[in-house]
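Here my numbering is used: the first residue of the sequence shown is 889, the next is one more, and so on.
Quick notes on the structure that follows.
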Amino acid sequence: MAESVLQVARLAARAGGDVVARYFRDGVTMRSKESYNLVSDADVESEEAIAQVVRGHFPDHALMGEETHQADAAAEQLWIIDPLDGTNNFAHGIEHFAVSVAYYQGGEPQCGVVYNPLRDDWFEASRGQGATHNGRALRVSPSDSLQEVLLGVGFFYDRGAMMEATLAAIGDFFRAHVHGVRRFGTASLDLAHVAAGRFGGFFEFELAPWDFAAGRLVLEEAGGRITTCGGNPLPLSKSSILASNGRLHEEMLAIIAPHFAVSGKQ
Ligand code: IPD
Ligand code: CA
Ligand code: CA
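Written as structure tokens, this is what we have:
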């Protein structure tokens, strides 16, 4: 079972990736969903291509996607799809975006694929089977000091208290002497970067399930840890995210928690 859902997740991610790569090359008109949050035919068509592959193999399974599929998170057999993660990069011609496809059973992640179609980069995981990058085993950074790592950060589409609290937390991480803080703009790939040991950790004060559903399993299977920014287990709904190599988790949490508390988020 695990292998076949992973194979379908791959086929689905490939189908979505083909759509977004074609639109990236040929050009597409972006529209605003709400201020700062863009969408295009690429997002919508990619989600449809992914859904068609999944439905073709598992007609009874439920689909939750960012654009059009609205299954309940409580569905027993649930596919969670971000058809284009990193839309702002895509819109501005930056070659750093991905398609994210995950399969959950009974609320637990079973497999996840994060695919960057321009680099032909595949980050994959199956529950209990480890995580890979283009077929090679992934492992988080062994570092136990913030002074040895890069961190990733994300900003939700917000220009208020959440943004200010994120900036304040970044300041504290610099004062803790991290090597640097990066904002690459694609949450699924940020999680893959932690899984690959490139980042020691990553945080964002609000993400949607499709942003983290696949990357979360890739990270956990690579030996990392992921919680909310309050240190709680992740729900399958909008949530803050603190991802790390495990060893740095408590130290990162101690820095983030006071800022998260004033971010206006739970
Ligand atoms: C966004 C990206 C970004 C993160 C935002 C997400 P989208 O997803 O993952 O890195 O900071 O919070 O919403 O809108 O490009 O699919
Ligand atoms: Ca996203
Ligand atoms: Ca998206």
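C-beta: ideal position from N, C-alpha, C; glycine also.
Exposed or buried, residue i, counting other C-beta atoms within 10 Å across all chains shown (16 or more means buried)?
i	result
His957	buried
Ala1081	First, the residue type needs correcting, since residue 1081 is His and not Ala in the sequence shown. It counts as buried.
Leu972	buried
Leu1055	exposed
Val1150	exposed
In this structure, how does DSSP classify residue i when only helix, strand and coil are distinguished?
i	result
Asn1004	strand
Gly1016	coil
Ile1144	helix
Thr1116	coil
Val1041	strand
Glu955	coil
Phe978	helix
Gly1089	strand
Pro1123	coil
Please report the distance separating the alpha-carbon of residue i from that of residue j.
i	j	result
Lys921	Gly974	14 Å
Leu1122	Asn1022	27 Å
Glu1052	Phe946	44 Å
Asp929	Asn1004	18 Å
Ala950	Ser1132	30 Å
Ser1014	Gly1068	31 Å
Val1001	Trp1010	7 Å
Taking the alpha carbon of residue i as the reference point, which residue from the options has its own alpha carbon closest?
i	options	result
Gln895	Phe1072, Ala962 and Cys999	Cys999
Val1037	Glu933, Arg1086, Gly1103 and Leu1026	Arg1086
Gly1089	Ala1102, Val987, Arg913 and Arg1135	Arg1135
Ala900	Ala990, Glu983, Asp948 and Arg913	Ala990
Arg1024	Asp1060, Asp1099 and Ala1110	Ala1110
Gln965	Val1002, Tyr992 and Arg1070	Tyr992
Ala1142	Arg1071, Asp1060 and Ile938	Asp1060
Per the DSSP calculation, residue i is bridged to which residue(s)?
i	result
Met918	Ser928
Ser988	Asp970 and Val1002
Phe1009	Note that residue 1009 is Asp in the sequence shown, not Phe. According to DSSP, which records beta bridges pairwise, Asp1009 is partnered with Asn1004.
Pro1030	None, per the DSSP bridge assignment.
Arg1070	Gly1040
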